[in-house]
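Visitor: Going letter by letter, the sequence shown gives residues 930 to 1093 in my numbering.
Ideal placement from N, C-alpha and C gives every residue a C-beta, glycine not left out.
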Amino acid sequence: MVTIVAGVGVLFVAFALGPFAWSGELWRETAPDWPGEGYGFAATAGALLPVTLFAMMRALWRANTHWSQRKVPALLFVVAALPAGTVSLMVLAIAAQSIRPKRSHRDGYCSTVGEYCWISMQYPYVWLIGLAGTVLSALLLMSLYQACEKRRGSESAPAEPSTS
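1. Do A1061 and G965 have their C-beta atoms closer together than 8 Å?
2. Determine whether the beta carbon atoms of W1056 and S1083 lie at a separation below 8 Å.
3. P1012 lies in the alpha helix (DSSP H); which residues open and close that run?
4. Looking at S952 and L978, is the spacing between their C-beta atoms short of 8 Å?
5. Using a Cβ-Cβ cut-off of 7 Å (strictly less than) and excluding sequence neighbours within five positions of F969, which residues of its own chain qualify?
6. What distance in whole Å lies between the Cβ atoms of A988 and A972, which are believed to be in contact at a cut-off of 8 Å?
7. What does the Cβ neighbour count give for S997, buried or exposed, with the cut at 16 atoms within 10 Å?
8. Between P1012, S1049, R991, which lies nearest to L1004 when the distance is taken from Cα to Cα?
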């Protein structure tokens, strides 16, 4: 049993930290060829973050509502949440790479090989573009959700009897 728990723990740590290890390379290889270059890449990543988080949370919410009645459909919803969770984690790793490191008196400021510094030197204020993409995408998702809820509410309301 301890071996299984340790194996699952190692897999979880590798799954969580893996994208952070190679997201810098992804920036270096993908951002210059992306439409809009690094700024377009950051805007795309920022716009994807709320969408993937919403998809993951929606699937997990559905699993939670089905759990007390039927276990198998609930587990299928949990499995359906995994791809969105994976993409969310990768997008978070991409966003983390765009934040310029803080000045340190001990280690110097930037090296030529550091991904963080390369990104912030090539694309100044790229974090602001990613943040704007995230905020705009979240606002769009909220307005779409409200419109769907309003439409669903008007469809389920009973028709008023006519008085003649």
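Guide: In short, the structure shows the following:
1. no
2. no
3. 1000 to 1026
4. no
5. It is Gly, not Phe, that sits at residue 969 in the sequence shown. Taken in chain order, the residues that qualify are W963.
6. 26 Å between Cβ atoms; not a contact.
7. exposed
8. R991
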